[in-house]
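Take the sequence shown: its position 32, counted from the start at 1, is 255 in my numbering, and no numbers get skipped.
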Amino acid sequence: MPRLRLGVVADPGLPSDIAAAVVNERLPPLLSRRVSDEVVWEVELEQQELPLDEHGTVPLLELAGERRPEAGWDMFVYLTDLPRGPAAQPVLADLSSRDQAALISLPAIGGVRLRHHVTRALVHIVDRLHHSTARPAGRRALRRWSEWTSSVRERTSDEHALDTSLVLVGRRGTFRLLCGMVRNNRPWRLVPHLASATAAAAATAAFGIFYSSIWQMADAMSTLRLTVVTLLAIGVMVGWLLFYNHLWDSPRGNRARKDTVLYNASTLCTLALGVSCMYLLLYGLALLAAVVVIDDGFLGSQLGHPAGASDYATVVWLACSMGIVAGALGSSLDSEAAVRQATYSKREQERQARNRRRAEQSEDRHSAADDRSLAPDDRSPSS
């Protein structure tokens, strides 16, 4: 029986983690059942950070032309954590039958059940590449694809030498991409990376727990007021991180406006979830400390009524909200690079660094042009 070798290359981080689970556990048997049982499927996985071109995208065909013959693969699939295509119609996958190559953009997969959806995407793509000369098989694969999502459509690719693209359409598709971008940024990493902010938040929360005036203030506040205070505290820290560290993108041209809105929404959601994770961790530790240190009788004497579990929870609630505000100020001690590392994936950091360099180069060109226009004419008038 002939053998067919499939090479899967994934970016380091989340793409390689997902690819490892899919390739090692699920993919070969699925390919035999759903694509072809007339060949022996050999799937190889590599973790490699492939270079980007001058536009900040992965040059799929160029890389496939080099890597596929070099590794002896019959097919080449690259899994990246970079969004691909415009925000109005983001690309989930690009396929080239001629080069037997495809690219999958992990953010377009969405934010939940990543292994399941990546597996289905790989099976669909391999089916299309394997049956590139047999259109009925491709149509069957497309019907199977549409069974699990209604936001994916197949379009003829605008790029030269690419056959088709799987794109996300409608608001549901945009929301799915946003969820995938936030998931790819892994917002829970914000807590361990922002050491100064976490330390300032913990110190202030500890002060609030053991200060009797805070107890009385928390006891006098309604649940609604405490909720508003918490939301304001989280908003203050998110806003501080966003603007102090220059994480807010500005659109450069009308074409990039929608893309900028999407990237800013992703940043905002990532920070909000990251700060919320910090708040929940802080709340759990502070509640444990309050229960261990503060005697319920003493707490009741300060509040003027018997103290129960709800009183401990209320005191810690207000103290942690104060701590989060202090954490925003403490984050000033963390470098901008550390904040970006905590907020974004490595590929997204590359994209932003490239945009900053372009902006600086554009400013330098404008400054040079202004200097030339203001320079005096050295030519002396003829006598």
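Cβ atoms here follow ideal geometry from the backbone N, Cα and C, with glycine treated the same way.
- Taking D297 as reference, the option from F521, W463, G531 and A324 with the minimal CA-CA separation is A324.
- Residue pairing by DSSP leaves D234 without any beta bridge partner.
- The residue among Y502, A310 and L494 with its C-alpha nearest the C-alpha of G393 is A310.
- DSSP places F299 inside the beta strand (DSSP E), whose first and last residues are M298 to T303.
- Of Q271, A488 and V314, the smallest CA-CA separation from Y301 is found for Q271.
- A straight line joining the alpha-carbon of R249 with that of V346 spans about 10 Å.
- Per DSSP, T453 lies in no beta strand (DSSP E) segment; the continuous alpha helix (DSSP H) that holds it begins and ends at T446 to Y467.
- Taking the CA atoms as reference points, S374 sits about 5 Å from L391.
- Only residues of its own chain outside the window of five on either side were considered, and among them G523 have a CB closer than 7 Å to the CB of P529, listed in chain order.
- Segment contact: the region 504-514 against the region 532-548, three or more CB-CB distances shorter than 8 Å; contact assigned.
- A direct Cα-to-Cα measurement between S388 and Q312 gives close to 11 Å.
- CA-CA distance, D322 to A287, rounds to 7 Å.
- Using a 10 angstroms sphere on the CB of T397, the tally of other CB atoms reaches 16 or more, which defines it as buried.
- A Cβ-Cβ contact shorter than 8 Å links R228 with E265.
- In terms of Cβ geometry, I432 and A542 form a close pair [threshold 8 Å].
- Within the region 478-556, the alpha helix (DSSP H) runs of at least 4 residues that lie entirely inside it are, in chain order, 480-516, 519-526 and 532-553.
- Judged by DSSP in its simplified three-state form, D240 adopts helix.
- For A324, the enclosing beta strand (DSSP E) begins and ends at A324 to S328.
- Scanning its chain for C-beta atoms nearer than 6 Å, with the 5 sequence neighbours on each side dropped, one finds around V232 the residues E269, Q271 and Y301, in chain order.
- Taking 8 Å as the cut-off, the Cβ atoms of V405 and L496 count as close.
- With respect to N407, D304 sits close: the two C-beta atoms are nearer than 8 Å.
- In the three-state scheme derived from DSSP, where H, G and I count as helix and E and B as strand, D317 is classed as strand.
- A residue is called buried once 16 or more other Cβ atoms fall within 10 Å of its Cβ, and V349 is buried on that count.
- The closest CA to that of V262, considering only V515, R409 and P225, is found on P225.
- The residues T387, S388 and V390, in chain order, have a CB closer than 7 Å to that of R378 in the same chain once the five nearest residues on each side in sequence are set aside.
- W264 is bridged by DSSP to L227.
- A residue is called buried when at least 16 other Cβ atoms come within 10 angstroms of its Cβ; N247 does not meet this threshold and is exposed.
- Q270 carries a strand assignment under DSSP once its states are collapsed to helix, strand and coil.
- The three-state secondary structure of L345, taken from DSSP, is helix.
- In chain order, T493 place their CB closer than 6 Å to the CB of T566, counting only its own chain and leaving out the 5 sequence neighbours on each side.
- The bridge partners DSSP lists for R257 come to none.
- Here D482 is buried: its Cβ has 16 or more other Cβ atoms, across all protein chains shown, within 10 Å.
- In this structure, V514 is the residue among L329, G333 and V514 with its C-alpha nearest to the C-alpha of A536.
- For the options G403, L318 and L326, the alpha carbon positioned closest to that of L237 is the one of G403.
- For R378, the beta-bridge partners assigned by DSSP are S388.
- With a threshold of 16 other beta carbon atoms within 10 Å, R480 falls short and is exposed.
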